[in-house]
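Chemist: Quick note on numbering: the sequence shown equals residues 1 to 88 in UniProt numbering.
Quick reminder that beta carbons are idealized off the backbone N, C-alpha and C, glycines included.
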Amino acid sequence: MATLINPQSRLVTISHVTPSIIDQLRLEHGETLSCPCSTVSIPYADFVSHAVSFDPICTSIFTSQQWIAALYTPWVWTKDFRQTASSQ
């Protein structure tokens, strides 16, 4: 004689879902877990973050207005590399 097991579904509503709750539910229920939600109920700030860091060159003299103006000056000194660059 064979014993048949009927799978049963259970609907559980969870308020204030966090990423850690979702991870725990996935561990416990695997592929049987489903979420019929049609909208994201977790604020993006709870699971998305960013930190901006600039390369040191961004704050160096080479990006200053003074340096850029010096590159485009109409006067070139005789010891300036741009004066002899084409012959090197």
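1. Can you tell me where the alpha helix (DSSP H) with THR84 in it begins and where it stops?
2. Sorted by chain position, which residues of the same chain lie with C-beta nearer than 7 Å to LEU25's C-beta, five sequence neighbours on each side aside?
3. Can you give me the C-alpha to C-alpha distance between ALA85 and ILE57, rounded to a whole angstrom?
4. Do the CB positions of GLN83 and VAL76 come within less than 8 Å of each other?
5. What residue range is occupied by the uninterrupted alpha helix (DSSP H) comprising ILE22?
6. Since PRO74 contacts ASP46 with CB under 8 Å, what's their CB separation in whole angstroms?
7. Under DSSP, the alpha helix (DSSP H) around THR46 begins and ends at which residues?
Modeler: Quick look at the numbers:
1. Position 84 of the sequence shown, counting from 1, holds the residue named residue 84. That run of the alpha helix (DSSP H) goes 81-84.
2. Your numbering for residue 25 matches position 25 in the sequence shown. A distance below 7 Å between beta-carbons, with the five flanking residues on each side excluded, links LEU25 to the following residues of its chain, in chain order: LEU33.
3. Residue 85 sits at position 85 when you count from the first residue of the sequence shown. Residue 57 sits at position 57 when you count from the first residue of the sequence shown. For ALA85 and ILE57, the distance between alpha carbons rounds to 24 Å.
4. Counting from 1 along the sequence shown, the entry for residue 83 is found at position 83. Counting from 1 along the sequence shown, the entry for residue 76 is found at position 76. Yes. Within cutoff.
5. What you label residue 22 is simply residue 22 of the sequence shown in a count that begins at 1. Per DSSP, the unbroken alpha helix (DSSP H) holding ILE22 starts and ends at 19-29.
6. Start at 1 with the first residue of the sequence shown, and residue 74 comes out as number 74. Start at 1 with the first residue of the sequence shown, and residue 46 comes out as number 46. The Cβ separation is near 56 Å, so there is no contact.
7. Counted from its first residue, the sequence shown places residue 46 at position 46. A small correction: the amino acid at residue 46 is Asp; Thr does not occupy that position in the sequence shown. In the DSSP annotation of this structure, the continuous segment of the alpha helix (DSSP H) that includes ASP46 starts and ends at 44-47.
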